[in-house]
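*Asks:* Okay, handing you the structure first.
2 protein chains.
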Amino acid sequence: MNLKELSDLLGLSPTTVSRALGGYPEVGAETRRRVRAAAAEHGYRPNRRAAALATGRSMAVGHVIPTDRGNEMVNPVFADFIAGAGEVYAQAGYDMTMSVVSDGDEAKAYRQLALDRGVDGMIVHGPREDDPRIDLLRETGTPFVVHGRVPDAPLDYDFVDVDNARAFRRATDLLIDLGHRRIAFLNGPAHMDFARRRRDGVKAALVARGLPADPHLMRHSEMSEQAGYDAAREMLGNPDPATGFVVSSLIMALGVRRALQDAGLVAGRDASIVTHDDMLSYLANGRETPLFTATRSSVRAAGRRCAEILLSRIARPDGPPVQEVWTSELVLGASTGPIRD
Amino acid sequence: MNLKELSDLLGLSPTTVSRALGGYPEVGAETRRRVRAAAAEHGYRPNRRAAALATGRSMAVGHVIPTDRGNEMVNPVFADFIAGAGEVYAQAGYDMTMSVVSDGDEAKAYRQLALDRGVDGMIVHGPREDDPRIDLLRETGTPFVVHGRVPDAPLDYDFVDVDNARAFRRATDLLIDLGHRRIAFLNGPAHMDFARRRRDGVKAALVARGLPADPHLMRHSEMSEQAGYDAAREMLGNPDPATGFVVSSLIMALGVRRALQDAGLVAGRDASIVTHDDMLSYLANGRETPLFTATRSSVRAAGRRCAEILLSRIARPDGPPVQEVWTSELVLGASTGPIRD
DNA sequence: CTTTGAAACCAAAGCGCTTTGGACGCGCAT
DNA sequence: ATGCGCGTCCAAAGCGCTTTGGTTTCAAAG
Chain A
1 MNLKELSDLL GLSPTTVSRA LGGYPEVGAE TRRRVRAAAA EHGYRPNRRA AALATGRSMA
61 VGHVIPTDRG NEMVNPVFAD FIAGAGEVYA QAGYDMTMSV VSDGDEAKAY RQLALDRGVD
121 GMIVHGPRED DPRIDLLRET GTPFVVHGRV PDAPLDYDFV DVDNARAFRR ATDLLIDLGH
181 RRIAFLNGPA HMDFARRRRD GVKAALVARG LPADPHLMRH SEMSEQAGYD AAREMLGNPD
241 PATGFVVSSL IMALGVRRAL QDAGLVAGRD ASIVTHDDML SYLANGRETP LFTATRSSVR
301 AAGRRCAEIL LSRIARPDGP PVQEVWTSEL VLGASTGPIR D
Chain B
1001 MNLKELSDLL GLSPTTVSRA LGGYPEVGAE TRRRVRAAAA EHGYRPNRRA AALATGRSMA
1061 VGHVIPTDRG NEMVNPVFAD FIAGAGEVYA QAGYDMTMSV VSDGDEAKAY RQLALDRGVD
1121 GMIVHGPRED DPRIDLLRET GTPFVVHGRV PDAPLDYDFV DVDNARAFRR ATDLLIDLGH
1181 RRIAFLNGPA HMDFARRRRD GVKAALVARG LPADPHLMRH SEMSEQAGYD AAREMLGNPD
1241 PATGFVVSSL IMALGVRRAL QDAGLVAGRD ASIVTHDDML SYLANGRETP LFTATRSSVR
1301 AAGRRCAEIL LSRIARPDGP PVQEVWTSEL VLGASTGPIR D
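Protein chains in written order, with my numbering: chain A, 1 to 341; chain B, 1001 to 1341.
As structure tokens, then:
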């Protein structure tokens, strides 16, 4: 059933039917009622592609999710971010189209989605240093919002980010307050913007308290359980091992805890862990008392917010940039305690 | 730059340009070269929506990912499945459009995607008992492939599944062989098809060896770390506690291990765990020696395969159903050992 | 009684592409 | 010469919708 058929059926023109359904004012109340009833009865659903072609708006937004080229890893936070964003899109009648591309080939994917006019706007995930995507999108005039921030770009775009530097500074401060002096930092991939900010935060805390920032204790790696384990294990093997661990994700923290256990140590007693917690749905940080002491911020909420901002940006392309830096909460859990010995 | 502009520029008709680019034979070699060169030079990219409207094919496939209504949980295996499928789509020039919907509202999402002709085909995730989606898609004539199987539907559709029953029977057998008699089973949500099959497998093993299937030791829950922890903790509190644990996902198994540790027990020595491992990229099951003894099968590979099957189904709607049941590998890891005491 | 204007509706022109059904020219067999 | 087939190319008709620019009707205003 298409517009033409429906309008023939009703003895009306396609124009009127389209308008009746679209809620435009220039159609009589009774007529609108009839049209609506007929549409419902016959299960008429406008063809979205045709509408898209006619209006120039596709009612779709694009996400491109990168998969780390080497290890083929796909960041698990995507699932929750997408879930959050998806709620908003569904509500607003938007579709979400995603491309999965190998890290680095992203430019192509962005071009494809943005330029082929496949989408009305895009979300930029995981901005990196000197990220070419911002310029690309800016040039093509595609509305976009960044989840995170781009280091050195002019700050005239929309973004939602967490206060990475501040959060990690607080995390480090906490460990220092507890008496830890050898503090390890297991960070995400070096080229990611959030990793840089977190590094800055940790360093700032160390410097402020007159502690050295031992490069051996600072690691960049993918954020997997295994990577957390490997790094922690190695660090524990050193003479004068770390007693405090600042970790970039809960999943890595699980690996760190495993390494501690293998070494016969108990987190919260023999060593302390502070991690960032994205509040992933399938990986709750304990129930009543948190498993890990953590700086936390819901990535799902961020997804929701990014989507909201994007949709309103699409509606009003001009207007001041919406820029939000979310303060992450510091929750005390079972993984930290005063240093002892 | 659109077709018309490009063809004007070349002094050709849109027809010829379209054909030259599309690789159709009725265009001269030299002309084709010129057209291609001009297209590349001016960065011409056909508008996909217009092409979709003209051809009736949208070059997009739909995924609807459900989020558990109560706990808002989104299954983490999606990330990897999507990544696998996405590779195939990208290769073939297909888009992937996803809807995130609350568990149960899925019918609406399927109808929207399928009927509004937004997509050429769909993947059905997480089939449940008496799943209405199959009929829905069948009626609308939308090509689809199921990741998993639907219990009582006629088996005339395409699917890729793992041998849940067999894998879990083997897992249980292994524990029994190791001397375990009190075997707990932490399963996924009861209404999921895979959970049913796994239950059947576990029960079959128990029955075959003359062991009782104690309902107190069989749990259905969401597959989170926390749920694994909670269930295991409770079971360990019982008099005559379980010594063997069959677990439905690696992430739950982490919870079980944590519960064991809290109880002062070591997995592989004081109690044994066998889990299913979906080989998620960010949650490797150890490096050389697996952390957990596990039945394993790559969900990412399944995603790839489902996508391949779907694309060829779209190309040839008729033809015999493609049905694959993948045998999962049983790998021995550090989490199992002979019973002792 | 004419004018004006609002209300309700419609015809037709796109949106940018694909594809059908020719048209045209040329070489070859008839 | 005529006809045929083939290789190249093109005009135009859609695909299903939205939207511009009307037209018609009718009541109120002048």
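All residues carry an ideal CB built from backbone N, CA and C; glycine is no exception.
Counting only beta-carbon separations shorter than 8 Å, does Glu-329 (chain A) have a partner in chain B?
*Replies:* Residue 329 (chain A) sits at position 329 when you count from the first residue of the first sequence. By this cut-off, Glu-329 (chain A) is not an interface position.
*Asks:* Which residues, in chain order, does the stretch 148-170 of chain A contribute to contact with chain B at a C-beta distance below 7 Å?
*Replies:* Cβ contacts with chain B: none found.
*Asks:* Leaving out five residues on either side along the sequence, give the residues of the same chain with a beta carbon under 6 Å from the beta carbon of Ala-1267 (chain B).
*Replies:* As a first step, residue 1267 (chain B) is located in the second sequence; it is residue number 267 there, counting from the start. Result list for Ala-1267 (chain B): Arg-1257, Leu-1260, Ile-1273, Ser-1335, in chain order.
*Asks:* Do you know whose CA, among A:Ser-249, A:Ala-204, A:Val-162, lies nearest Asp-277 (chain A)'s CA?
*Replies:* For the purposes of this step, residue 277 (chain A) is taken as the residue at position 277 of the first sequence. The shortest C-alpha separation from Asp-277 (chain A) is found at A:Ser-249.
*Asks:* Taking only beta-carbon atoms, is Glu-1087 (chain B) less than 8 Å away from chain A?
*Replies:* What you label residue 1087 (chain B) is simply residue 87 of the second sequence in a count that begins at 1. By this cut-off, Glu-1087 (chain B) is an interface position.
*Asks:* Could you work out which residue in B:Met-1098, B:Leu-1009, B:Gly-1337, B:Pro-1014 is closest to Gly-1179 (chain B) when comparing CA atoms only?
*Replies:* Here residue 1179 (chain B) refers to the residue found at position 179 of the second sequence. Answer by Cα proximity: B:Gly-1337.
*Asks:* With a cut-off of 8 Å, do at least 3 Cβ pairs link the stretch 1154-1167 of chain B to the stretch 1302-1321 of chain B?
*Replies:* With a cut-off of 8 Å, the stretch 1302-1321 of chain B and the stretch 1154-1167 of chain B count as touching, because enough Cβ pairs lie within range.
*Asks:* Indicate the three-state DSSP secondary structure (helix, strand or coil) for Leu-265 (chain A) in the structure shown.
*Replies:* For the purposes of this step, residue 265 (chain A) is taken as residue 265 along the first sequence, with counting starting at 1. Coil at Leu-265 (chain A), not helix or strand.
*Asks:* Would you kindly report the start and end of the unbroken beta strand (DSSP E) that includes Pro-132 (chain A)?
*Replies:* Locating residue 132 (chain A) in the first sequence gives position 132, where the first residue counts as 1. No beta strand (DSSP E) holds Pro-132 (chain A); the alpha helix (DSSP H) holding it covers 132-140.
*Asks:* Please report the straight-line C-alpha distance between Pro-1154 (chain B) and Arg-1197 (chain B), rounded to a whole angstrom.
*Replies:* The count along the second sequence starts at 1 and reaches residue 1154 (chain B) at position 154. The count along the second sequence starts at 1 and reaches residue 1197 (chain B) at position 197. Near 17 Å, if we compare the C-alpha coordinates of Arg-1197 (chain B) and Pro-1154 (chain B).
*Asks:* Label Pro-212 (chain A) either buried or exposed according to how many other C-beta atoms from any shown protein chain fall within 10 Å of its C-beta, with 16 as the threshold for buried.
*Replies:* Here residue 212 (chain A) corresponds to residue number 212 of the first sequence, with the count starting at 1. Label assigned to Pro-212 (chain A): exposed.
*Asks:* What residues in the stretch 1212-1230 of chain B bring their beta carbon closer than 8 Å to a beta carbon of chain A?
*Replies:* Hits within the stretch, in order: Glu-1222, Met-1223, Ser-1224, Glu-1225, Gln-1226, Asp-1230.
*Asks:* Taking the CB atoms as reference points, tell me whether Ala-1114 (chain B) and Thr-1140 (chain B) lie closer together than 8 Å.
*Replies:* The residue you call residue 1114 (chain B) lines up with position 114 of the second sequence. The residue you call residue 1140 (chain B) lines up with position 140 of the second sequence. Yes; because the gap between Cβ atoms is below 8 Å, this pair is in contact.
*Asks:* Going by DSSP, what residue range makes up the alpha helix (DSSP H) through Met-1235 (chain B)?
*Replies:* Position 235 of the second sequence, counted from the first residue, corresponds to residue 1235 (chain B). Per DSSP, Met-1235 (chain B) belongs to the alpha helix (DSSP H) from 1225-1237.
*Asks:* Can you list the beta strand (DSSP E) stretches of 3 or more residues lying completely in the stretch 1283-1310 of chain B, in chain order?
*Replies:* Correct list: 1293-1296.
*Asks:* Does Val-207 (chain A) pass the burial test, meaning 16 or more other C-beta atoms within 10 Å, or should it be called exposed?
*Replies:* The residue you call residue 207 (chain A) lines up with position 207 of the first sequence. So Val-207 (chain A) counts as exposed.
*Asks:* Terminal residues of the continuous beta strand (DSSP E) containing Gly-244 (chain A)?
*Replies:* Residue numbering aside, residue 244 (chain A) sits at position 244 when the first sequence is read from its first letter. First-last of the beta strand (DSSP E) with Gly-244 (chain A): 244-247.
*Asks:* Kindly list, in the order they appear in chain A, the residues whose Cβ is closer than 8 Å to that of Thr-1097 (chain B).
*Replies:* Counted from its first residue, the second sequence places residue 1097 (chain B) at position 97. The contacting residues are Ala-60, Asp-95, Met-96, Thr-97, Met-98.
*Asks:* Mind checking who His-63 (chain A) pairs with in its DSSP beta bridge?
*Replies:* In the first sequence, counting from the first residue as 1, residue 63 (chain A) sits at position 63. Paired residues: A:Met-98, A:Ile-123.
*Asks:* In terms of residue numbering, what span does the beta strand (DSSP E) encompassing Val-322 (chain A) cover?
*Replies:* Counted from its first residue, the first sequence places residue 322 (chain A) at position 322. That residue, Val-322 (chain A), is in no beta strand (DSSP E); it is neither H nor E in DSSP.
*Asks:* Relative to chain A, which residues along the stretch 1297-1311 of chain B have a C-beta separation below 7 Å, given in chain order?
*Replies:* Of all residues in the stretch 1297-1311 of chain B, none has a Cβ within less than 7 Å of some Cβ in chain A.
*Asks:* Per the contact definition of three or more C-beta pairs closer than 8 Å, is the stretch 1284-1297 of chain B in contact with the stretch 1120-1131 of chain B?
*Replies:* Flag = no, the stretch 1120-1131 of chain B and the stretch 1284-1297 of chain B do not touch.
*Asks:* Sort out for me which residues DSSP pairs Arg-1219 (chain B) with in a bridge.
*Replies:* By 1-based counting over the second sequence, the position of residue 1219 (chain B) is 219. Paired residues: B:Leu-1186.
*Asks:* Using only alpha-carbon positions, find the residue among A:Tyr-229, A:Gly-237, A:Ala-263 that is nearest to Ile-251 (chain A).
*Replies:* As a position in the first sequence, residue 251 (chain A) is number 251, starting the count at 1. Out of A:Tyr-229, A:Gly-237, A:Ala-263, A:Tyr-229 has the C-alpha closest to the C-alpha of Ile-251 (chain A).
*Asks:* Given that Asp-1080 (chain B) touches chain A, what residues does it touch there, using C-beta distances under 7 Å?
*Replies:* If you number the second sequence from 1, residue 1080 (chain B) lands on position 80. Near Asp-1080 (chain B) (Cβ distances below 7 Å), the residues of chain A are Val-74.
*Asks:* Report the three-state DSSP secondary structure of Arg-959 (chain B) (helix, strand or coil).
*Replies:* The structure shown does not extend to residue 959 (chain B), since chain B is modelled only from 1001 to 1341, so the question has no answer here.
*Asks:* For a test of the three-state rule: what should DSSP assign to Ser-1013 (chain B), helix, strand or coil?
*Replies:* For the purposes of this step, residue 1013 (chain B) is identified with residue 13 of the second sequence, where counting begins at 1. Three-state result, Ser-1013 (chain B): coil.
*Asks:* Within 10 angstroms of its Cβ, does His-1063 (chain B) collect 16 or more other Cβ (buried), or is it exposed?
*Replies:* The residue given as residue 1063 (chain B) occupies position 63 in the second sequence. Its Cβ being crowded by 16 or more others within 10 Å, His-1063 (chain B) is buried.
*Asks:* For Asp-400 (chain A), which residues from the same chain have a beta carbon less than 8 Å from its beta carbon, with the 5 sequence-adjacent residues on both sides left out?
*Replies:* Residue coverage of chain A in this structure runs from 1 to 341, which leaves residue 400 (chain A) outside it and unanswerable.
*Asks:* Which same chain residues end up closer than 6 Å to Tyr-1044 (chain B) when comparing Cβ atoms and leaving out the 5 residues on each side of it in sequence?
*Replies:* The residue labelled residue 1044 (chain B) in the question sits at position 44 within the second sequence. So the qualifying residues of the chain are Met-1001, Leu-1006.
*Asks:* Could you tell me the boundaries of the alpha helix (DSSP H) in which Glu-1030 (chain B) lies?
*Replies:* Taking the second sequence and counting its residues from 1, one reaches residue 1030 (chain B) at position 30. Run containing Glu-1030 (chain B): 1029-1042, per the alpha helix (DSSP H) assignment.
*Asks:* I want to verify the contact list: residues of chain B whose CB lies under 8 Å from the CB of Gln-261 (chain A), in sequence order.
*Replies:* Counting from one through the first sequence, the residue named residue 261 (chain A) turns up at place 261. Near Gln-261 (chain A) (Cβ distances below 8 Å), the residues of chain B are Gln-1261.
*Asks:* So with CB distances below 7 Å, who are the chain A contacts of Val-1101 (chain B)?
*Replies:* Here residue 1101 (chain B) is taken as the residue at index 101 of the second sequence, counted from 1. Going along chain A in sequence order, the residues near Val-1101 (chain B) (Cβ under 7 Å) are Ala-90.
*Asks:* What does Ile-251 (chain A) touch in chain B if you count any residue whose Cβ is under 9 Å from its own?
*Replies:* In the first sequence, counting from the first residue as 1, residue 251 (chain A) sits at position 251. Per Cβ cutoff of 9 Å: Tyr-1282, Leu-1283.
*Asks:* What residues from chain B crowd round Gly-237 (chain A), counting only those whose CB sits closer than 8 Å?
*Replies:* Locating residue 237 (chain A) in the first sequence gives position 237, counting from the first residue. Ordered by position in chain B, no residue passes the 8 Å Cβ test against Gly-237 (chain A), which lies about 16 Å from the chain.
*Asks:* Please report the residue range of the beta strand (DSSP E) in which Ile-1273 (chain B) lies.
*Replies:* For the purposes of this step, residue 1273 (chain B) is taken as the residue at position 273 of the second sequence. Note, Ile-1273 (chain B): beta strand (DSSP E), 1272-1277.
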